[in-house]
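For reference, the structure is listed below as structure tokens.
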Amino acid sequence: KPREIKYVVVHWGGLNPQHLGRVFANRRASSHIAIGRNESSGNVEVYQYIDLAHAAWHAVGANRNSVGIDICQQPELKHLAYYKRKGYDVETIHNPSYPKYGPAKVISLDPEIEEATVQVLESLRQSFKLSQRTPSTEEGKIPSREIQEGGIYSHFHVDQKGQGKWDVAPWWDQIS
């Protein structure tokens, strides 16, 4: 059944794209695109898990008209040593979205992953002629009717069920 893509929802998922693929294989969740470091080659790559013509299961109530993107780098400090060991360019930073979203300290986003994410979002915006709407972190949860008008959102913007999502909130200003 054809679907109209009106918006993008950005998440973080998996330690890396390969790990995210394994996570999806064991859960009732999916995303269209993953952006992250291939730990075999060391390169930042964009992976497509699902055809954009099909709905993915990535954000309750927001799947029908959206493209789901996962940034494959976790912001939680418990993963810092892992990312340093694997050669990511990361450090501990103050979370600019704290106390509303996530802990006070988080891991910075690897600059190469940031750049790839910005490029993918702009490409999707142009390809699907998406609205320029990209709400700020401060706007928080966006009403469903506004989301349907289109744009680029984080999972915390579309968290209609109040699950406490804080996906990419610490990095939102860098990628949006």
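159 is the number of the first residue of the sequence shown in the numbering used here; add one for each residue after it.
Positions of the beta carbon are idealized from the N, C-alpha and C atoms, including for glycine.
- Message: Going by the DSSP bridge assignment, what does ALA192 pair with across the sheet?
- Response: TYR205, ASP228
- Item | Minimum length 3: unbroken beta strand (DSSP E) runs contained in the segment 223-306 | 224-229, 250-252, 263-265
- In the structure shown, what three-state DSSP assignment does VAL316 receive? Under the three-state reduction of DSSP, VAL316 is assigned to helix.
- Message: Just to confirm my understanding: we take CYS230, look at its own chain, exclude 5 residues before and 5 after, and list those with CB closer than 6 Å. What are they?
- Response: Excluding sequence neighbours, CYS230 sits near GLY172, ASN174, PRO175, LEU178, ALA192, GLY194.
- Message: In this structure, how does DSSP classify ILE163 when only helix, strand and coil are distinguished?
- Response: Of the three classes helix, strand and coil, the one that applies to ILE163 here is coil, per DSSP.
- Query: Does the beta-carbon of VAL168 have 16 or more other beta-carbons within 10 angstroms, so that it is buried, or is it exposed?
  - Reply: buried
- Message: Only counting the same chain, and skipping five residues up and downstream in sequence, which positions put a Cβ closer than 6 Å to that of VAL218?
- Response: Annotation for VAL218: LYS319 place their beta carbon closer than 6 Å to its own, counting only its chain and skipping 5 residues before and after.
- LEU288 beta carbon less than 8 Å from that of ILE333: no
- Message: Whole angstroms are fine: how far does the CA of TRP329 sit from the CA of LEU238?
- Response: 16 Å
- Query: What do you reckon, are the CB atoms on GLY338 and PRO233 nearer than 8 Å?
  - Reply: Here the chain covers residues 159 to 334 and nothing more, so residue 338 does not appear.
- Leaving aside the five residues before and after ALA213 along the sequence, list all residues of the same chain whose C-beta is less than 7 Å from its C-beta, in chain order. Cβ within range, chain order: ARG161, ASN221, ARG222.
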